[in-house]
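Asks:
2 protein chains.
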Amino acid sequence: MKEPPWKVGELARNTGMSVRALHHYDEIGLLRPSLRTAAGHRLYGRPDIERLQQIHSLRLMGISLEETKRLLDGAAASPRQVIDMHLARLHEQMAMQKQLVRRLKALADHLDTAKPLSLEELCKTIEEMMRVEKYFTPEQLDVMEQRRISVGEERMRTVRDDWNEIIPKVRAAMENGADPTSPEVLALARRWKVLVEEFTGGDPAIANAVKTMYNDDGPALQEKLGNVPTKEMFAYICKSIEALKS
Amino acid sequence: MKEPPWKVGELARNTGMSVRALHHYDEIGLLRPSLRTAAGHRLYGRPDIERLQQIHSLRLMGISLEETKRLLDGAAASPRQVIDMHLARLHEQMAMQKQLVRRLKALADHLDTAKPLSLEELCKTIEEMMRVEKYFTPEQLDVMEQRRISVGEERMRTVRDDWNEIIPKVRAAMENGADPTSPEVLALARRWKVLVEEFTGGDPAIANAVKTMYNDDGPALQEKLGNVPTKEMFAYICKSIEALKS
DNA sequence: TCTAAACCCTACCGTAACGTGAGGTGCAAG
DNA sequence: CTTGCACCTCACGTTACGGTAGGGTTTAGA
Chain A
1 MKEPPWKVGE LARNTGMSVR ALHHYDEIGL LRPSLRTAAG HRLYGRPDIE
51 RLQQIHSLRL MGISLEETKR LLDGAAASPR QVIDMHLARL HEQMAMQKQL
101 VRRLKALADH LDTAKPLSLE ELCKTIEEMM RVEKYFTPEQ LDVMEQRRIS
151 VGEERMRTVR DDWNEIIPKV RAAMENGADP TSPEVLALAR RWKVLVEEFT
201 GGDPAIANAV KTMYNDDGPA LQEKLGNVPT KEMFAYICKS IEALKS
Chain B
1001 MKEPPWKVGE LARNTGMSVR ALHHYDEIGL LRPSLRTAAG HRLYGRPDIE
1051 RLQQIHSLRL MGISLEETKR LLDGAAASPR QVIDMHLARL HEQMAMQKQL
1101 VRRLKALADH LDTAKPLSLE ELCKTIEEMM RVEKYFTPEQ LDVMEQRRIS
1151 VGEERMRTVR DDWNEIIPKV RAAMENGADP TSPEVLALAR RWKVLVEEFT
1201 GGDPAIANAV KTMYNDDGPA LQEKLGNVPT KEMFAYICKS IEALKS
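In order, the protein sequence lines correspond to chains A and B.
Going by our numbering, the first sequence opens with residue 1, and the numbers climb by one from there.
Going by our numbering, the second sequence opens with residue 1001, and the numbers climb by one from there.
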């Protein structure tokens, strides 16, 4: 290992950076060698090497070259602020990526359980997911996914079967004009309430979002999911659930 | 809302995409309008609109335009494979981002607790963190961070104080040639063991990594952290801990 | 001292998915 | 007939370099 000044290749070998990167840093004014030979070859002196090490450190933290330059040239906010801003950006990105992962997993699940899907059907399913997703905050979606994981595949299926059993019964009761406070309807209301609580984890905000979703997008969901409560059914069963409390 | 065919602006308004994006899709051959007016204005027909909706769906999943094109043109792997690959990429990225977040948080912590740092010192600290980090797998670092969070700030400080008390004592005992099986050293070994277990969460792999770290980078760490066990001290106290077991 | 290998230079294209003009044309309403 | 809006085609900018081309420089060995 020679003494400085070093030529660009030597510096590259000794620091693990690429020659091209060093050229780039020179181009953008982040690290210009303090010397050149008569022929124009770059010569990096000891201060340049120190600066390069600092650049390297900041790069390891994911700081952009632009910010790095501002920091090293003393024309930036405090390091602390740079770090905080960077953390904020990272958190934002990670939130978006988590959202994507959630969607993709749900889609993969769908591909696993349902029959083979054509591309158009797949795309329709995606649109459907988005329609549903927009009613919930990312945090709520997170909570719901955690619940799905902790509850397990099997329980999920039985819950779905329960819904498929209860919903037609409620519809029938309503259409027959049965009194919401009658014992049969109250029994349905009790089961309904349990299922809702199981799904929402007892979070009323989630329950509310679900209701809004069915109210606003009922027809579309009906078409997609097949068996779905209507606004009127919500009102009906809510009356019954109210009656349960007293 | 007119009937198709639509011009770009109308299509853009009705789909929420930007005109420029539609131009771009045309440029790269992802969505070329099936008609043009004599003057060259793009006219999108009904099949184009369907294709655009599919593009939109896939974009919502974060699929690249390139993959989208391959998928829609039927020249790609199965949707399932595309999803899986995409998930894998996302996980990789998120792992890297988590790593960055960990580093930045540690750095912010350092800035909070220690005295105000110059930029050079900050960079040295970063290099130091990297030196330490390389001894652990990302999973181990994760575990350690979780422990730090669950243990809490206060306990961390008392643990550090404990180390600062014990290490000199062990050094002194060793330099005085005290028998590792003597009662005083055994008492030290007991405390040492507890502290190690607290820090590692009982994971011997982590304990091992720590030992390797001090063995390999002892001098550098000594300089940075000030008060650090040597290889010999490890050997000495290990003998004593062995003696504890019997 | 000569030559060939190794090294260096500048300059340009490419990356992903558009945003943002610039400069020119098409078209319907007043 | 003109105004104004929508449309067109370039073409550059964004990040942090990688890769390559074409040509000069340095250096080690013969």
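For glycine and all other residues, C-beta sits at the position ideal for the given N, C-alpha and C.
Computed from a prediction, not measured in an experiment: that's the story for all the values here.
Can you give me the C-alpha to C-alpha distance between residue 245/A and residue 178/A, rounded to a whole angstrom?
Replies: Their Cα atoms are separated by approximately 19 Å.
Asks: Using a 10 Å radius around the Cβ and a threshold of 16 neighbouring Cβ atoms, would you call residue 54/A buried or exposed?
Replies: Result: buried.
Asks: Can you check DSSP and say which residues form a bridge with residue 188/A?
Replies: Looking at the DSSP assignment, residue 188/A forms no beta bridge with any residue, so it has no partner.
Asks: Is there a Cβ of chain B sitting closer than 8 Å to that of residue 120/A, yes or no?
Replies: It does: the Cβ of residue 120/A has a partner Cβ on chain B nearer than 8 Å.
Asks: Going along chain B in order, which residues have a C-beta closer than 8 Å to the C-beta of residue 79/A?
Replies: Those within 8 Å of residue 79/A in chain B are 1111, 1117, 1119, 1122.
Asks: Applying a beta-carbon distance threshold of less than 7 Å, which residues of chain A neighbour residue 1064/B?
Replies: Neighbours of residue 1064/B on chain A: none; closest Cβ ~12 Å, over 7 Å.
Asks: Out of 1232/B, 1148/B, 1044/B, state which residue places its alpha-carbon closest to the alpha-carbon of residue 1201/B.
Replies: Checking every option, the nearest Cα to that of residue 1201/B belongs to 1148/B.
Asks: Pull out every residue of the region 1088–1108 of chain B whose Cβ sits closer than 8 Å to any Cβ of chain A, in chain order.
Replies: So the close ones are 1090, 1091, 1093, 1094, 1097, 1098, 1100, 1101, 1103, 1104, 1105, 1107, 1108.
Asks: How many whole angstroms separate the CB atoms of residue 1215/B and residue 1164/B, which I take to be in contact at a CB cut-off of 8 Å?
Replies: Actually they are not in contact, since the Cβ atoms of residue 1215/B and residue 1164/B sit about 21 Å apart, beyond 8 Å.
Asks: In or out: residue 48/A buried (at least 16 other Cβ within 10 Å) or exposed?
Replies: Counting Cβ neighbours within 10 Å, residue 48/A comes out buried, since at least 16 surround it.
Asks: If I'm right that residue 43/A touches residue 35/A with Cβ under 8 Å, what's the distance once you round it to whole angstroms?
Replies: With a Cβ gap of about 4 Å, residue 43/A and residue 35/A count as contacting.
Asks: Is the beta carbon of residue 82/A less than 8 Å from the beta carbon of residue 92/A?
Replies: Contact flag unset, no.
Asks: Quick one: what does DSSP say residue 1135/B is sitting in, helix, strand or coil?
Replies: Three-state DSSP puts residue 1135/B in coil, outside helix and strand.
Asks: Starting from residue 6/A, follow its DSSP beta bridges and name the residues at the other end.
Replies: DSSP, once it has assigned bridges, lists 44/A as partnering residue 6/A.
Asks: Within 10 Å of its beta-carbon, does residue 96/A have 16 or more other beta-carbons around it, so buried, or fewer, so exposed?
Replies: Looking at its Cβ environment, which holds fewer than 16 other Cβ atoms inside 10 Å, residue 96/A is exposed.
Asks: On a CA-only basis, which of 1109/B, 1090/B, 1183/B, 1191/B is nearest residue 104/A? Give me that one, please.
Replies: Among 1109/B, 1090/B, 1183/B, 1191/B, the Cα nearest to that of residue 104/A belongs to 1090/B.
Asks: Name the chain B residues whose beta carbon is nearer than 8 Å to that of residue 54/A?
Replies: Within chain B, the residues near residue 54/A are 1119, 1120, 1123.
Asks: So what's residue 13/A in DSSP terms, helix, strand or just coil?
Replies: Three-state result, residue 13/A: helix.
Asks: Can you tell me whether residue 1209/B is buried or exposed? The criterion is at least 16 other CB atoms within 10 Å of its CB, across all chains shown.
Replies: Residue 1209/B comes out buried.
Asks: Is the shortest distance between the beta-carbon of residue 1041/B and the beta-carbons of chain A less than 8 Å?
Replies: Not one chain A Cβ lies under 8 Å of residue 1041/B.
Asks: State yes or no: is the beta carbon of residue 34/A nearer than 8 Å to at least one beta carbon in chain B?
Replies: No, residue 34/A does not count as interfacial toward chain B.
Asks: By Cβ distance, which residues of its chain are closer than 8 Å to residue 1107/B, with the 5 residues on each side in sequence left out?
Replies: Excluding positions up to five away in sequence, the list reads 1122, 1125, 1126, 1129.
Asks: Between residue 236/A and residue 161/A, what straight-line distance do the alpha-carbon atoms span, to the nearest angstrom?
Replies: Using only the alpha carbons, I get a separation of about 21 Å.
Asks: Return the bridge partner residues of residue 22/A from the DSSP annotation.
Replies: Note: residue 22/A sits in no beta bridge, so no partner.
Asks: Kindly indicate which three-state DSSP category residue 65/A falls into: helix, strand or coil?
Replies: Helix, per DSSP.
Asks: When the distance is taken between beta carbons, is residue 1203/B closer than 8 Å to residue 1143/B?
Replies: Yes, these two residues count as a Cβ contact at 8 Å.
Asks: Helix, strand or coil for residue 1171/B? Go by DSSP, reduced to three states.
Replies: If DSSP states are grouped into helix, strand and coil, residue 1171/B belongs with the helices.
Asks: Cα separation between residue 1194/B and residue 1232/B?
Replies: If you take the alpha carbons of residue 1194/B and residue 1232/B, they lie about 20 Å apart.
Asks: Does any C-beta atom of chain A lie closer than 8 Å to the C-beta of residue 1083/B?
Replies: Output row for residue 1083/B: interface = yes.
Asks: Where do the N-terminal and C-terminal ends of the alpha helix (DSSP H) with residue 1117/B fall, by residue?
Replies: That residue, residue 1117/B, is in no alpha helix (DSSP H); it is neither H nor E in DSSP.
Asks: Per DSSP, what kind of secondary structure is residue 80/A in: helix, strand or coil?
Replies: Residue 80/A: helix per DSSP, three-state reduction.
Asks: Given a limit of 9 Å on CB to CB distance, which residues of the region 1135–1159 of chain B reach chain A?
Replies: Cβ contacts with chain A: none found.
Asks: Classify residue 173/A as buried or exposed, calling it buried when 16 or more other Cβ atoms lie within 10 Å of its own Cβ.
Replies: Flag for residue 173/A reads buried.
Asks: Under three-state DSSP, which class holds residue 160/A?
Replies: Here residue 160/A sits in helix by DSSP.
Asks: Are residue 1207/B and residue 1196/B touching if we call contact CB-CB under 8 Å?
Replies: Cβ atoms of residue 1207/B and residue 1196/B: closer than 8 Å.
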